[in-house]
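**Student:** Going by the UniProt record's numbering, the residue at position 160 of the sequence shown is 160; the numbering climbs one at a time, nothing skipped.
Beta carbons are placed, not taken as given, at the ideal position from N, Cα and C, and that holds for glycine.
All values reported here derive from a predicted model rather than from experimental measurement.
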Amino acid sequence: MVIELIVAPNVKIPESWNTANIPMFEVNKEVATSISETKTDQGIFAVVQMEDPEILMLFGKKFLLLDGVQDPGNVGTLIRTADAAGYDAVILGHGSADLYNPKVIRSTQGSHFHIPVLQANLLHWVERLEEEGVPIYGAVLDKEATRLQDVEPRESLALMVGNEGNGIREELQTRIAHKVYIPIYGSSESLNVAVAAGILMYSLRK
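(1) Shortest alpha-carbon distance to residue 102 belongs to which of 75, 5, 69?
(2) Please state if the CB of residue 62 and the CB of residue 157 are separated by a distance shorter than 7 Å.
(3) Counting pairs of beta carbons, one from the segment 161-177 and one from the segment 137-148, are three or more of them closer than 8 Å?
(4) Does the beta-carbon distance from residue 8 to residue 29 come in below 7 Å?
(5) If we ignore side chains and look at the alpha-carbon of each, how far apart do residue 197 and residue 80 end up?
(6) Helix, strand or coil for residue 141, going by three-state DSSP, please let me know.
(7) According to DSSP, simplified to helix, strand and coil, what is residue 95?
(8) By DSSP, does residue 46 sit in helix, in strand, or in coil?
(9) Would you decide whether residue 174 is buried or exposed? Buried here means 16 or more other CB atoms lie within 10 Å of its CB.
(10) Counting only the same chain and skipping the five closest in sequence on each side, list residues whose C-beta sits under 7 Å from that of residue 188.
(11) List the endpoints of the continuous alpha helix (DSSP H) containing residue 179.
(12) Once the 5 residues before and after residue 122 are set aside, which same chain residues still bring their CB inside 8 Å of it?
(13) Following the continuous beta strand (DSSP E) through residue 201, name the residue where it begins and the one where it ends.
(14) Tell me which residues share the same chain as residue 41 and place their Cβ nearer than 7 Å to its Cβ, disregarding the 5 neighbours each side in the sequence.
(15) Residues in its own chain within less than 7 Å of residue 38 by CB, not counting five upstream and five downstream?
(16) Going by DSSP in three states, residue 74 sits in which element: helix, strand or coil?
Following this line, the structure appears as structure tokens:
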């Protein structure tokens with residue numbers, strides 16, 4: 001919900017926007033640049049009240065869980081890809097970049113408005129998802145993991161990916177019912193977490 005709008009001088013609000021009951025304030029160019037934190041801004045800013053994603057998540061079937069994904073660009077890309085792949089919510093666990101980090105916001109390309117994103121304790125949500133019968137999949141490379149090509153797609157699932165360098169924490173790995181890995185056929189040692197998660201999200205969903 002938009003609480004108020006802030007605009008730079010000479011910026012026109014699109015006629016299609018319903019702003020009749022929204023307070024609007026004009027600021028000078030210097031203030032607008034300070035707010036935007038970018039070199040080229042659009043000159044329109046909003047103060048918004050976010051919906052409670054925890055309520056929206058109760059109706060979801062597909063979830064993306066991030067454990068300690070630190071790079072803001074990766075987090076934003078993961079949210080954007082989850083949106084594109086039709087997932088119902090993203091949960092940012094301990095150590096993950098903050099949703100409202102400017103680089104995260106830019107990297108989502110607006111997808112944070114389309115899909116609920118919750119910053120929460122992953123152990124708590126794993127327990128809740130298990131209670132609801134949602135199977136937990138995790139990107140883990142060990143002897144118990146199954147090759148992605150051998151995993152059947154699901155209509156309902158929670159996919160967990162971990163930190164760029166260390167992967168998923170041990171305490172969370174013990175709660176993963178289905179460990180999955182993506183085989184590498186070339187000389188590269190690993191895949192970027194956002195790339196790997198994108199492959200997994202599309203491959204695991206039905």
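**Tutor:** Here's the rundown:
(1) 75
(2) yes
(3) yes
(4) yes
(5) 11 Å
(6) coil
(7) coil
(8) strand
(9) exposed
(10) none
(11) Element bounds for residue 179: not the alpha helix (DSSP H) but the beta strand (DSSP E), 178-181.
(12) 65, 67, 91, 93, 94, 160, 172
(13) Run containing residue 201: none in the beta strand (DSSP E); it sits in the alpha helix (DSSP H), 193-204.
(14) 32, 33
(15) none
(16) helix
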